[in-house]
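Protein sequences appear in the order of chains S and Z. For the first sequence, the tail end lands on 392 under this note's numbering, and the numbers increase by one without skipping. For the second sequence, the tail end lands on 723 under this note's numbering, and the numbers increase by one without skipping. Cβ atoms here follow ideal geometry from the backbone N, Cα and C, with glycine treated the same way. Shown next, in structure tokens, is the structure this report addresses.
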Amino acid sequence: VKPLDGEESSWKALVQSDRVDYDRDPIKHYIRVHGWLPPSTACAASIAPRRVRYFTFCAANAVDVFMLEQAGILQRDANGRLRGTFFCEADAEAFEEIVQLIRSADQGFLGRFEDIVLFDDSPSTFNRTYTDPGPGKITERLRERLRIKDLHEKMRAAFPFDLINLDATGTLLPPNQGAASDLVKAIMRVIAWQGEALLPNGGRIDQFSLFLTAEVDNSALNYNAIGQLISLVNCNLEQMSGFRDCWERKFGASSVDELARARFPEFFPVAFVKAVVENSSRLGWDVASDGRFLYRRMRRGATYRMMSEVLTFHRVAPAPVNSLFDPTWGISSVNSTKRVIEVVQRAAVWADDAVSIEAEAGRVGRHLRGVREFRENVLTRFDV
Amino acid sequence: MDDIPDAESGEIKVSSKTLGHISAGLYRSTSGALKELISNAFDADADRVRISMNPPGFDVVSVADNGTGIHLQKFLALMNGQIGDSDKRVHGTVSPAKQRPIIGRIGIGLLAISQICHSFEIVSHHKSTKTAFRARVQLIDYLRERIDVAETNKETYDIGRFQMHKIDYNERMAGTRIIATELRRVFVERFRQDYRPLPEGFDEFYSEVAQVKSLRDLCEYWRTTWQIALAAPLPYYDGGPVRGHVVDPERQQKLLAYDFKVAIDLLPLQRPVLLPPLESDQPPIEDTSIAHISIHQEVDGTPLLGSGYLYSQGGKSIYPAELRGVLVRIKNVAIGQYDRNFLDYPINEGPRIGWVSGELSIDDGLEDALNIDRDSFNETHPHYLTVQKIVHTAFDEQVKRWIFTNAKARRQRKSESLADTKRLRVQELFSDLMPDGPIIDHVPSFGEPDRDIPVKVDADVSRIAVNDAAGWPRARDQRDLAEQIAIAFELALEEPDLVEARRRFYSLWKHIFS
Numbered sequence: 009v010k011p012l013d014g015e016e017s018s019w020k021a022l023v024q025s026d027r028v029d030y031d032r033d034p035i036k037h038y039i040r041v042h043g044w045l046p047p048s049t050a051c052a053a054s055i056a057p058r059r060v061r062y063f064t065f066c067a068a069n070a071v072d073v074f075m076l077e078q079a080g081i082l083q084r085d086a087n088g089r090l091r092g093t094f095f096c097e098a099d100a101e102a103f104e105e106i107v108q109l110i111r112s113a114d115q116g117f118l119g120r121f122e123d124i125v126l127f128d129d130s131p132s133t134f135n136r137t138y139t140d141p142g143p144g145k146i147t148e149r150l151r152e153r154l155r156i157k158d159l160h161e162k163m164r165a166a167f168p169f170d171l172i173n174l175d176a177t178g179t180l181l182p183p184n185q186g187a188a189s190d191l192v193k194a195i196m197r198v199i200a201w202q203g204e205a206l207l208p209n210g211g212r213i214d215q216f217s218l219f220l221t222a223e224v225d226n227s228a229l230n231y232n233a234i235g236q237l238i239s240l241v242n243c244n245l246e247q248m249s250g251f252r253d254c255w256e257r258k259f260g261a262s263s264v265d266e267l268a269r270a271r272f273p274e275f276f277p278v279a280f281v282k283a284v285v286e287n288s289s290r291l292g293w294d295v296a297s298d299g300r301f302l303y304r305r306m307r308r309g310a311t312y313r314m315m316s317e318v319l320t321f322h323r324v325a326p327a328p329v330n331s332l333f334d335p336t337w338g339i340s341s342v343n344s345t346k347r348v349i350e351v352v353q354r355a356a357v358w359a360d361d362a363v364s365i366e367a368e369a370g371r372v373g374r375h376l377r378g379v380r381e382f383r384e385n386v387l388t389r390f391d392v
Numbered sequence: 210m211d212d213i214p215d216a217e218s219g220e221i222k223v224s225s226k227t228l229g230h231i232s233a234g235l236y237r238s239t240s241g242a243l244k245e246l247i248s249n250a251f252d253a254d255a256d257r258v259r260i261s262m263n264p265p266g267f268d269v270v271s272v273a274d275n276g277t278g279i280h281l282q283k284f285l286a287l288m289n290g291q292i293g294d295s296d297k298r299v300h301g302t303v304s305p306a307k308q309r310p311i312i313g314r315i316g317i318g319l320l321a322i323s324q325i326c327h328s329f330e331i332v333s334h335h336k337s338t339k340t341a342f343r344a345r346v347q348l349i350d351y352l353r354e355r356i357d358v359a360e361t362n363k364e365t366y367d368i369g370r371f372q373m374h375k376i377d378y379n380e381r382m383a384g385t386r387i388i389a390t391e392l393r394r395v396f397v398e399r400f401r402q403d404y405r406p407l408p409e410g411f412d413e414f415y416s417e418v419a420q421v422k423s424l425r426d427l428c429e430y431w432r433t434t435w436q437i438a439l440a441a442p443l444p445y446y447d448g449g450p451v452r453g454h455v456v457d458p459e460r461q462q463k464l465l466a467y468d469f470k471v472a473i474d475l476l477p478l479q480r481p482v483l484l485p486p487l488e489s490d491q492p493p494i495e496d497t498s499i500a501h502i503s504i505h506q507e508v509d510g511t512p513l514l515g516s517g518y519l520y521s522q523g524g525k526s527i528y529p530a531e532l533r534g535v536l537v538r539i540k541n542v543a544i545g546q547y548d549r550n551f552l553d554y555p556i557n558e559g560p561r562i563g564w565v566s567g568e569l570s571i572d573d574g575l576e577d578a579l580n581i582d583r584d585s586f587n588e589t590h591p592h593y594l595t596v597q598k599i600v601h602t603a604f605d606e607q608v609k610r611w612i613f614t615n616a617k618a619r620r621q622r623k624s625e626s627l628a629d630t631k632r633l634r635v636q637e638l639f640s641d642l643m644p645d646g647p648i649i650d651h652v653p654s655f656g657e658p659d660r661d662i663p664v665k666v667d668a669d670v671s672r673i674a675v676n677d678a679a680g681w682p683r684a685r686d687q688r689d690l691a692e693q694i695a696i697a698f699e700l701a702l703e704e705p706d707l708v709e710a711r712r713r714f715y716s717l718w719k720h721i722f723s
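And the structure:
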């Protein structure tokens, strides 16, 4: 018996990580119901009779999937296969649970979302594929790279989607990465793919919703990246009077640095989403903030905060010929001031406060129970 | 399980004997590998096995069952050299809860999955102890090359590494899940080639497969699905194995009573044996035969019990061709594929061999004749030799005898059918002259002096005598035509004068060629 070390310990950490019971968590379900369901319903209505294409980081319980199915937004065929639903999951066990649970007819992606989306060929992978790795012995590392390359191609081919639910558990700006983290770069690349990719019928999508959930915790963030966000806001405040008025009405006249220090959970979504809006506009998307939720969680006795943003993208320009995205957080060349102001104006709802009210907790709890019962019915009806 | 640490990792050890088998290449097909995991699930009293292949990427394969789960101690023992050891009888010959006959070996199942992937995870929630673990198993790359240069005097060899962690037991997850995450590229490549999604129901799947001449006409995904359906202890599809016949009803009852279901990517499987596979190919009932086989023997003091059938259809090959031959099952699990050589039948039967399909299910015995891959036999084992002899005897005494009798009967029927056709044609041609319909008699020879006269007609009694020795054309259609012209000639001769005879002949001649 050998002690666990190195790579093995990261696997152990993955296995033993704390997991929220999403089957019974009212906070999360409050956001599903008030944040994700309304734009999903509107989307399904607007594209009907075409079927909704949904990409999700659903956890092993897949409550989001069953909620959307219960609402008639996602559909199964006669044999119980869910159509148009794709998921990505890094953990093999959770992946397998999702496969068994949602019974999608479409492919799941087993791997880290950021690794898959951001894969770029290197000399070692160039002209090689997973199924045709070329001559010579293939090291484990190369094989894994080729596996990710393979997933990258498959995932890209699966785009575009009408609903993208990036329900991440970590932070958007982890300390050990560059100013633009892998996840942020992956989000922007996905937004670019949304513009370029063709639907199975050959058409393009003109609108989609992005649900973005991540941890907001200023003790575990990349200060370089936050510094850039602060600079960007300061720059906007200097150059855009409408933005400045709106900002001061919301946050007062204190400095942006001070705001970021004192009220980080409120500052971060505004600053981050504003950057997403600006950069998306370069890719031909007009982005509206349709909902912002904040909530508190406990981990090993300590509180941390989560954000969940609901964004709706409308195509305003043809897809760019060159999709390569430069992840520099600069000022948009497209006039997106109006949208940026909306992002600032968007009031955040503290979901944990909302469900502390008995009536709301009751409503959310009943709805969640209904989704669970629906899920059980589906699993029973299509038991194979 | 208290004396086992929460986490453990180590080398995977196998005995030199098992290593030799791995070196020789354990499994030849994906279905062979997955079959063993299905057998493990059956032994673990599961009633559901769900196989997921994550098409169209085929980059993750999982096999999940809701059985009793593997106990951690058992898993660790397997990792420490028990794979391939013959310990299957330690816990009895039937499963604890459902009293099913034990059909697999856990260790071989784990080794089997490693044939299609570089690494896999196993998650087990053990029902009776309410304990659970999760482990990652990674086999050494290029194992075979390492084996070739390995020292040969060691008792055990390392073939990979495992890491294990205890996890919380979850009743909802009870059972075993095996998740292959790094699929071998050969597997991925084969499955992606000509990929077609599986249909929604087994009826649709079966009807498509039944129409192909060979399973080679299907993509690997469909072929593997068919092979797994064939191999697993599942009830027959649509009243099989023979259309319109009840064959071995007790066996079908037993299979149904197992309440064991297997699905691949949500397609629920059934045993795809229904002969003939297409209803439209159903031969007349008199051209099919079922030879029933019953085995109640003792071989070297050990029992050999089972039953089976050999279905034959006269003069008509069975399609898909993969159904030809005999399939041996042990406790309802197929061992390999249909053997087209009927367990090395010594006589070349030519195309007749393609008219026969059968299954032989051994309920007790023969298991010790299995090779470690559990997909082929040691052909010198006394049980195997006995089964071989039984199959050959049934083939000789029932199948071949019936085939020859049936061939003769078919020839006779064909001949009668042709005579009927000819009579009807002649009746139609000459109905004005012989309204009662002619009786056609074939006479070997008219004898002197009419030896060379081909036909004699007696119109008054509507009889036609045909001289078979008259030098007719060999081709049947030419002979029929020649006979009709000769009959017309003879009928024309009935006229009193030559002018009338000529008129009648050409009238009939015209009718013949109209």
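With 8 angstroms set as the bound, which would you pick, yes or no: does the beta-carbon of Leu-159 (chain S) sit closer than that to a beta-carbon of chain Z? yes
Here's the rule I'm using: 16 or more other beta-carbon atoms within 10 Å means buried, otherwise exposed. How should Leu-302 (chain S) be labelled? buried
When DSSP labels each residue in this structure, what does Arg-298 (chain Z) get in the three-state scheme? Interpretation of Arg-298 (chain Z) is limited by its pLDDT of 48, a score under 50 that renders its predicted location unreliable; the figure taken from the coordinates is listed afterwards. Of the three classes helix, strand and coil, the one that applies to Arg-298 (chain Z) here is coil, per DSSP.
Nearest-angstrom Cα distance between Asp-31 (chain S) and Asn-587 (chain Z)? 53 angstroms
Based on DSSP bridge pairs, tell me the residues matched to Met-373 (chain Z). Z:Glu-217, Z:Ala-344
Neighbouring residues, chain Z, relative to Lys-36 (chain S) (Cβ below 8 angstroms): Those do not exist, as Lys-36 (chain S) stays about 19 angstroms from chain Z at its closest Cβ, beyond 8 angstroms.
Looking at chain S, is there any beta carbon in it that lies within less than 8 angstroms of the beta carbon of Glu-429 (chain Z)? no
For Arg-212 (chain S), does the three-state DSSP call read helix, strand or coil? coil
Any Cβ of chain Z within less than 8 angstroms of the Cβ of Gly-378 (chain S)? It does not: the Cβ of Gly-378 (chain S) has no partner Cβ on chain Z nearer than 8 angstroms.
Which residues bound the alpha helix (DSSP H) around Phe-722 (chain Z)? 707-722
Identity of the residues DSSP links to Glu-317 (chain S) by a beta bridge: In the DSSP output, where bridge partners are listed per residue, Glu-317 (chain S) has S:Leu-220, S:Arg-300.
Looking at chain Z, is there any beta carbon in it that lies within less than 8 angstroms of the beta carbon of Ala-67 (chain S)? no
Which same chain residues end up closer than 6 angstroms to Ser-225 (chain Z) when comparing Cβ atoms and leaving out the 5 residues on each side of it in sequence? Cβ within range, chain order: n/a, list empty.
Are the stretch 644-654 of chain Z and the stretch 541-559 of chain Z touching, with three or more C-beta to C-beta distances below 8 angstroms? no
Ignore the nearest five residues each way along the sequence and tell me which others in Pro-395 (chain S)'s own chain have a CB closer than 6 angstroms to its CB. Nothing about residue 395 (chain S) can be read from this structure; chain S reaches only from 9 to 392.
By a C-beta neighbour count over all protein chains shown, 10 Å radius and 16 as the cutoff for buried, is Gly-211 (chain S) buried or exposed? exposed
Helix, strand or coil, according to DSSP, for Thr-589 (chain Z) in the structure here? coil
Relative to chain Z, which residues along the stretch 51-83 of chain S have a C-beta separation below 9 angstroms, given in chain order? none
Count the other CB atoms within 10 Å of the CB of Phe-134 (chain S); is the residue buried (16 or more) or exposed (fewer)? exposed
Closest Cβ-Cβ distance between Thr-388 (chain S) and chain Z: below 8 angstroms? no
Which term fits Val-482 (chain Z), buried or exposed, when burial requires 16 or more other beta carbons within 10 angstroms of its beta carbon? buried
Proximity winner among S:Arg-347, S:Phe-74, S:Ser-54, S:Trp-358, relative to Leu-387 (chain S) (alpha-carbon distances): S:Phe-74
Taking only runs that begin and end inside the stretch 562-627 of chain Z, name each unbroken alpha helix (DSSP H) of 4 or more residues, in chain order. 591-603
If we define contact as Cβ-Cβ less than 8 angstroms, is Glu-104 (chain S) a contact residue for chain Z? yes
What would DSSP say about Cys-428 (chain Z), mapped onto helix, strand or coil? coil
Which residues in chain A sit within 9 angstroms of Ala-383 (chain Z), going by Cβ to Cβ distance? The structure shown contains no chain A; its protein chains are S and Z.
Excluding the 5 residues flanking Trp-255 (chain S) on each side, which residues of the same chain have their C-beta closer than 7 angstroms to its C-beta? Excluding residues within five positions, the ones whose Cβ falls inside 7 angstroms are Leu-245, Val-352.
List the DSSP bridge partners of Asn-289 (chain Z). Z:Lys-222
Look up Met-643 (chain Z) in the DSSP assignment and say whether it is helix, strand or coil. coil
Might you give, ordered along the chain, the residues of its own chain that have their beta carbon closer than 7 angstroms to the beta carbon of Val-372 (chain S), omitting 5 neighbours on each side? Pro-34, His-37, Tyr-38, Val-41, Val-363
Chain S partners of Ser-271 (chain Z), CB-CB under 7 angstroms? Close to Ser-271 (chain Z), with beta-carbon spacing below 7 angstroms, are these residues of chain S in chain order: Glu-104, Val-107.
Please list the residues of the stretch 311-334 of chain Z that have a C-beta atom closer than 8 angstroms to any C-beta atom in chain S, keeping them in chain order. For the stretch 311-334 of chain Z, residues whose beta-carbon sits nearer than 8 angstroms to a beta-carbon of chain S comprise His-327, Glu-330, Val-332.
Between Leu-475 (chain Z) and chain S, is the shortest Cβ-Cβ distance under 8 angstroms, so that the two count as touching? With 8 angstroms as the cut-off, Leu-475 (chain Z) counts as an interface residue toward chain S.
Between Ile-322 (chain Z) and Val-223 (chain Z), which are expected to be in contact by the criterion C-beta below 8 angstroms, what is the C-beta distance as a whole number of angstroms? The Cβ separation is near 15 angstroms, so there is no contact.
Within 8 angstroms (strictly less), CB to CB, does Ile-368 (chain Z) reach chain S? no
Any Cβ of chain Z within less than 8 angstroms of the Cβ of Gly-92 (chain S)? no
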